[in-house]
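Here is the structure we will look at.
Protein chains: 2
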Amino acid sequence: MKETLAITKALADENRLRIIMMVKDNEACVCQIVEVLGNASSTVSKHLSILKYAGLVDCYKQGRWIYYHLPQERSKAVSAAIRWVVESLEDSIVIQKDRVKSRCVCEQEPEELIKIQRDHKGDNENEKTRNI
Amino acid sequence: MKETLAITKALADENRLRIIMMVKDNEACVCQIVEVLGNASSTVSKHLSILKYAGLVDCYKQGRWIYYHLPQERSKAVSAAIRWVVESLEDSIVIQKDRVKSRCVCEQEPEELIKIQRDHKGDNENEKTRNI
DNA sequence: ACTATATTTCGTCAGATGACGAAATGAAAA
DNA sequence: TTTTCATTTCGTCATCTGACGAAATATAGT
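Protein chains in written order, with the numbering used here: chain A, 1 to 132; chain B, 133 to 264.
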């Protein structure tokens, strides 16, 4: 029950579902996820820790960046949960938009992205769809 | 996304998972569910409405009682979610205990059960495993 | 129609959750 | 070794959630 609940609670948030869909094909570092979701990095970090606790993502460090991806080793419950999420959200509008943005964001090396994020500090806070 | 989130939010609570596991093989009326979970009937009613909103249960009225069961018609997302929950919790201790209690509770007609619940009013509130 | 009663709705409260910015951490670069 | 900086942790706040009992609703049997 404990594992099952950890998984369902981790999945019960739109931002976390978006993260799963974002890293399912290509790993992404935190700053890339921050850019796509449009939340503060502290917020994204917390979401990632919840997903990781549930076993739904894993990460490794490379240089200054931490890359998140779906775990190689997955319990039966986790595999099935991930499969369910992916099938359920494949055609979601939100996810499609994220994919567009994600392609754009992940083309750039984190190094470049971070520079751009710095430049945008002070932009209108409500501007979620800023061009990069 | 809306449907997916409704489902994951509905599943992100232990009592609601227990309800799904309880009604998956045999329908149950509210008072039977109340007896097994040990919550107030208003609380259980709220849980049932959340499950119903997500399409995870359905109900019909018979006599004075409302019976809840898994829905006949299920969206792809709902079918897969229910399958996932059942597989994940089949061997859970909590669920096994519920099954024992459930067999005991559901042997009785709701009419009898309600009488017994009345008799137990005023029992120790913390006594969750009372004999019936 | 009236009464009894199974379930839901309402109002309220305590605790959980998600958001942010500031400060801490710790690994790489200088 | 010191500095830089990507990420996490901490502290705070507003909102959401789950719990309960009381009141409302609706149905069955008299």
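Just so it is clear, CB atoms sit at the ideal spot from N, CA and C, and this is done for glycine as well. Given the structure is predicted, the values throughout are model-derived calculations rather than measurements.
Residue i in three-state terms, based on DSSP
{"i": "ASP230 (chain B)", "result": "helix"}
Interface flag, residue i vs chain A, CB-CB below 8 Å
{"i": "GLU219 (chain B)", "result": "yes"}
Within chain B, partners of residue i - CB distance below 8 Å
{"i": "ALA12 (chain A)", "result": "LEU137, THR140, LYS141, LEU143, ALA144"}
Chain B residues whose Cβ lies nearer than 9 Å to that of residue i
{"i": "TRP65 (chain A)", "result": "Ordered by position in chain B, no residue passes the 9 Å Cβ test against TRP65 (chain A), which lies about 28 Å from the chain."}
Beta-carbon gap between residue i and residue j smaller than 8 Å
{"i": "ALA144 (chain B)", "j": "LEU188 (chain B)", "result": "no"}
{"i": "LYS156 (chain B)", "j": "VAL218 (chain B)", "result": "yes"}
{"i": "ILE139 (chain B)", "j": "LEU180 (chain B)", "result": "no"}
{"i": "SER234 (chain B)", "j": "VAL168 (chain B)", "result": "yes"}
{"i": "GLU14 (chain A)", "j": "LEU137 (chain B)", "result": "yes"}
{"i": "PRO203 (chain B)", "j": "ASP190 (chain B)", "result": "yes"}
{"i": "ALA172 (chain B)", "j": "TRP84 (chain A)", "result": "no"}
{"i": "ILE66 (chain A)", "j": "ARG16 (chain A)", "result": "no"}
{"i": "SER75 (chain A)", "j": "ALA209 (chain B)", "result": "no"}
{"i": "MET21 (chain A)", "j": "ASP98 (chain A)", "result": "yes"}
Within-8 Å CB hit, residue i to chain B
{"i": "ALA77 (chain A)", "result": "yes"}
{"i": "ALA81 (chain A)", "result": "yes"}
8 Å Cβ cut-off: residues of chain A touching residue i
{"i": "MET133 (chain B)", "result": "GLU14, LEU17, LEU89, SER92, ILE93, VAL94, ILE95"}
Just list the alpha helix (DSSP H) runs in the segment 1-41 of chain A, keeping only unbroken ones of 4 residues or longer that don't cross its boundaries, in chain order. 2-11, 14-23, 30-37
Which runs of the beta strand (DSSP E) spanning at least 3 residues fall entirely within the segment 187-216 of chain B, listed in chain order? 190-194, 197-201
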